[in-house]
Amino acid sequence: MNGLCLGLAGVVWASLPIEHFTLAWQHSIEKIRWEEDYQVGASGLVLMEARVRGSGAGMEIPDDATLRDGTWHYHRQLPPLNPLHAGRTPEAGDYELCFQGHCQPLANWLGPPSRDVAAVDFWPCRLSMPANERSALP
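As numbered in this note's numbering, residues 792 to 929 make up the sequence shown, in order.
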């Protein structure tokens with residue numbers, strides 16, 4: 792089974808059996824929510840769409856973005872990311888990981904952001920299937 796691994800330098804801290812997710816955060820200065828939707832693929836994480844609720848320092852809205860319900864929606868053409876590297880510090884606040892209709896802070900899986908480990912990587916990975924699920928396969 793494929794899924795999403797979270798960790799750093801290839802060391803898995805948590806793994807989730809999901810195929811797509813939204814990574815969300817609040818800009819540390821402008822206090823504006825930013826969201827990016829990813830598909831977990833074999834060669835990396837594919838950015839499907841991004842959204843931001845305003846502009847400000849370091850948050851320029853792309854020319855091709857469309858405004859819908861107060862949020863700018865846009866697509867960036869990037870190769871699959873493997874890994875997706877994100878800074879994570881107490882001062883900036885935590886990311887939220889959203890899937891299956893719910894959002895939760897990364898702290899639920901990784902503990903609170905720390906100055907000692909100020910980053911996290913996301914990458915596609917192969918997950919082990921528990922024995923009770925293997926026995927249920929045809």
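For each residue, glycine too, the CB sits at the ideal point set by N, CA and C.
Residue j beta carbon less than 8 Å from that of residue i
i	j	result
Ala877	Ala910	yes
Asn793	Pro915	yes
Val843	Ile820	no
Leu901	Ala841	no
Ile809	Leu799	no
Trp816	Gly884	yes
Phe913	Leu875	yes
Under the three-state DSSP convention, the category residue i falls into
i	result
Asn899	helix
Thr857	strand
Glu821	coil
Ala841	strand
Arg867	coil
Tyr886	coil
Val908	coil
Gly878	strand
Glu851	coil
Ala815	strand
Separation of residue j from residue i, as counted between CA atoms
i	j	result
Glu887	Thr813	8 Å
Glu851	Cys889	24 Å
Asn873	Leu797	12 Å
Leu918	His811	15 Å
Gln830	Leu858	23 Å
Val837	His866	11 Å
Ser834	Val803	18 Å
Leu807	Thr880	22 Å
Pro853	Asp828	16 Å
Trp825	Trp863	10 Å
Gly845	Met839	19 Å
Bridge-paired residues (DSSP) for residue i
i	result
Asn793	Arg917
Val831	Leu836
Ala805	Leu797
Glu826	Ala815 and Arg842
Within-8 Å CB hit, residue i to chain C
i	result
Lys822	You won't find chain C in this structure, because it holds only one protein chain.
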